[in-house]
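Structure first, commentary second.
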Amino acid sequence: MKDIKGFLSLILDSIADHITVIDSTGTIQYVNKSWTAFAAQNGCLIKETWLGVNYIEACDKASEVHDDYGAQVAQGIRSVIDQTIESFYFEYPCHSPKQNRWFMMRVTPLVFEQVPYFVISHHNISERKLAEEKVRNLARMDGLTNIANRRYFDEFLNAEWRRCLRLELPISLAIIDLDHFKLLNDTYGHQHGDQCLIKIGQLLKQFVNRSSDICARYGGEEFAIVLGNTSITEAQALLISLLEEIAHLDIANPSSTTQSYLTASIGLSTIYPSFGAHERILIHQADNMLYKAKKRGRNRLES
32 MKDIKGFLSL
42 ILDSIADHIT
52 VIDSTGTIQY
62 VNKSWTAFAA
72 QNGCLIKETW
82 LGVNYIEACD
92 KASEVHDDYG
102 AQVAQGIRSV
112 IDQTIESFYF
122 EYPCHSPKQN
132 RWFMMRVTPL
142 VFEQVPYFVI
152 SHHNISERKL
162 AEEKVRNLAR
172 MDGLTNIANR
182 RYFDEFLNAE
192 WRRCLRLELP
202 ISLAIIDLDH
212 FKLLNDTYGH
222 QHGDQCLIKI
232 GQLLKQFVNR
242 SSDICARYGG
252 EEFAIVLGNT
262 SITEAQALLI
272 SLLEEIAHLD
282 IANPSSTTQS
292 YLTASIGLST
302 IYPSFGAHER
312 ILIHQADNML
322 YKAKKRGRNR
332 LES
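Taking the numbering used here, the leading residue of the sequence shown gets 32, the next gets one more, and so forth.
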């Protein structure tokens, strides 16, 4: 084959992975067609030629504008060049306005004519990451009501507690218990009861619209709502509306001693987290308020 160089270049250009080759100073010596096309499609400043650009310096500049990935990549490449490690592997998000994307980066050394070079490839792993994310989300969901399960509730509350502590914000927790739900199950059967729980789960979703909020199935016929950066007055107004909406569902519960339809009791607690305190205190207080709501006749909010 006469033009082996051209043949190999065509092969590299046919590969979907974005490939570049740098020398020991980090200067780009080669990029394939996929690399150039991706850069042009995603608004990179360099579109005509990448030859002569220092890739490591570009990563350093990215880290200066609070890009943690840039710093990790730069350090990884330097470690391969210095022979501290044999190769470098790194997974990172690279989302666009239209889609979520993830890439796997590999840095491996090669020697050509006794000169060291380093191949950097970026492989699109979005399909795998989206599948993994779907599995994680399923593990966080209650199988019946399709809202967060107790395990994810615990994780979320802990994270939101720490966020509100850091920012000196209030956090509110409501624990919701469906009144005399056992009587409803005894009257209509557990399958009907499950359908009622599904309806309550769908309703709760309408009351959590921010990233700092979550609704969850707390256990059995108990549910919970976490409201980050929410005062007790704001939370009370929201939960009174929730009680009204539960009544509007008009789910019959003729054996109930509270009303002839399904009602709920809600215990609400609002706290400004402090150092040394734990989110368990928030749960404890909401539980106490729930007990108070039941003792005072149910179908009410106590805070």
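Ideal Cβ positions, reconstructed from N, Cα and C, are used throughout, including at glycine.
As the structure is a computational prediction, the values presented were derived from the model and not from experiment.
At which residues does the beta strand (DSSP E) containing residue i begin and terminate?
i	result
H49	49 to 54
Y322	Careful: Y322 lies outside any beta strand (DSSP E), inside the alpha helix (DSSP H) at 311 to 326.
What does residue i pair with, by DSSP beta-bridge criteria?
i	result
S296	D208
T58	N85
L332	I297
On the criterion of 16 or more Cβ atoms from any shown chain inside 10 Å, does residue i qualify as buried, or is it exposed?
i	result
G232	buried
L280	exposed
N168	exposed
S334	buried
Y120	exposed
H315	exposed
H221	exposed
H153	buried
N284	buried
A268	exposed
P124	exposed
N330	buried
H211	buried
S300	buried
E252	buried
V104	buried
S287	buried
T261	buried
T176	buried
R327	exposed
P128	exposed
E310	buried
T67	buried
R159	exposed
A324	buried
G259	buried
P147	exposed
Can you tell me where the alpha helix (DSSP H) holding residue i begins and where it ends?
i	result
E72	According to the sequence displayed, residue 72 carries Gln and not Glu. From DSSP, the alpha helix (DSSP H) with Q72 extends over 64 to 72.
E95	86 to 95
V104	99 to 112
S305	Here S305 belongs to no alpha helix (DSSP H), and DSSP marks it neither H nor E.
L43	35 to 45
I116	Per DSSP, I116 belongs to no alpha helix (DSSP H) and is neither H nor E.
Q226	221 to 236
What are the uninterrupted segments assigned as beta strand (DSSP E) that are 3 or more residues long and contained completely in the region 118 to 160, given in chain order?
-> 119 to 124, 133 to 143, 146 to 155
May I have a chain-ordered list of the beta strand (DSSP E) segments no shorter than 3 residues that lie completely inside the region 245 to 301?
-> 253 to 259
Counting only runs of 4+ residues fully inside the region 164 to 209, write out the alpha helix (DSSP H) ranges in chain order.
-> 181 to 198
Count the C-beta pairs between the region 152 to 170 and the region 105 to 114 that are closer than 8 Å, then say yes if the count reaches three, no if not.
-> no
Contact between the region 284 to 297 and the region 176 to 185 (3+ Cβ pairs under 8 Å) | no
Are the region 194 to 212 and the region 253 to 269 touching, with three or more C-beta to C-beta distances below 8 Å?
-> yes
Is there contact between the region 40 to 48 and the region 60 to 74, where contact requires at least three CB pairs shorter than 8 Å?
-> yes
Counting Cβ pairs, one atom from each stretch, are 3 or more of them under 8 Å apart for the region 189 to 197 and the region 224 to 238?
-> no
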